[in-house]
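**Student:** Dropping the structure in here first, questions after.
In the numbering used here, the protein residues as written are 17 to 187.
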């Protein structure tokens with residue numbers, strides 16, 4: 017029970033800073049709690065995700081093998097039972113769809129994505145510059161790759177600069 021996270025929508029919207037700090041601390045101290053926290057947050061925002069998709073996303077946060085190696089399927093299903101109880105405590109009904117066009121875990125009565133995620137996506141789409149997209153569409157594949165390399169080089173240059181500043185500040 018100590019690893020069970022009860023996470024309600026009102027908590028998501030009004031969670032006091034000290035509780036968030038405690039939750040993050042608990043997740044940082046225990047892999048089980050961290051996995052369950054990420055599963056809960058992912059399913060709060062997105063629906064119709066399969067076991068493989070959920071595992072992949074959690075591993076993206078916590079590293080490959082965070083579910084273990086030999087009995088990882090059992091670990092995943094134990095985690096999901098706790099996540100389901102947490103959603104039930106918050107008034108949600110988590111289920112699994114076996115429909116071919118929409119397989120995966122979802123919250124009954126909820127849209128495919130949370131309203132918060134929908135707002136973030138809409139904001140991101142609004143930030144897309146249609147004129148820049150028109151220019152990008154005209155580039156050859158080789159030019160697009162070159163542009164990607166240039167952005168990567170810039171990112172590396174910025175990171176090296178930041179590392180040098182940190183080193184000079186500490187030494």
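Don't be surprised by glycine CBs; every beta carbon is placed ideally from N, CA and C. Predicted model only: the values in this text are computed from it and were never measured.
(1) With a Cβ-Cβ cutoff of 7 Å, do residue 63 and residue 122 count as a contact?
(2) Quick one, are the C-beta atoms of residue 66 and residue 120 less than 7 Å apart?
(3) Using a 10 Å radius around the Cβ and a threshold of 16 neighbouring Cβ atoms, would you call residue 149 buried or exposed?
(4) In terms of alpha-carbon separation, which member of 82, 81, 154 and 96 lies closest to residue 55?
(5) From the DSSP output, read off the bridge partner residues of residue 130.
(6) Please return the same chain residues whose Cβ sits closer than 8 Å to the Cβ of residue 47, not counting the five positions on each side in sequence.
(7) In terms of residues, what are the limits of the beta strand (DSSP E) holding residue 115?
(8) Find the nearest neighbour of residue 128 within the set 42, 170 and 58, judged by alpha-carbon distance.
(9) Do you know how far the Cα of residue 178 is from the Cα of residue 184?
(10) Need the endpoints of the alpha helix (DSSP H) that residue 178 sits in, please.
(11) Leaving aside the five residues before and after residue 94 along the sequence, list all residues of the same chain whose C-beta is less than 8 Å from its C-beta, in chain order.
**Tutor:** The relevant details are as follows:
(1) In this structure, residue 122 lies closer than 7 Å to residue 63 by Cβ.
(2) Contact flag set, yes.
(3) Flag for residue 149 reads exposed.
(4) Of the candidates 82, 81, 154 and 96, the residue whose Cα lies closest to the Cα of residue 55 is 96.
(5) DSSP lists no partner for residue 130.
(6) Taking C-beta separations shorter than 8 Å and ignoring five residues to either side along the sequence, the partners of residue 47 in its chain run 78 and 82, following chain order.
(7) Where residue 115 is concerned, the enclosing beta strand (DSSP E) stretches over 110-115.
(8) Closest option to residue 128, Cα to Cα, is 58.
(9) Our two residues, residue 184 and residue 178, have alpha carbons roughly 10 Å apart in a direct line.
(10) First-last of the alpha helix (DSSP H) with residue 178: 157-186.
(11) Sequence-distant partners of residue 94 (beyond 5 residues in either direction) whose C-beta falls short of 8 Å from its own C-beta are missing from its chain.
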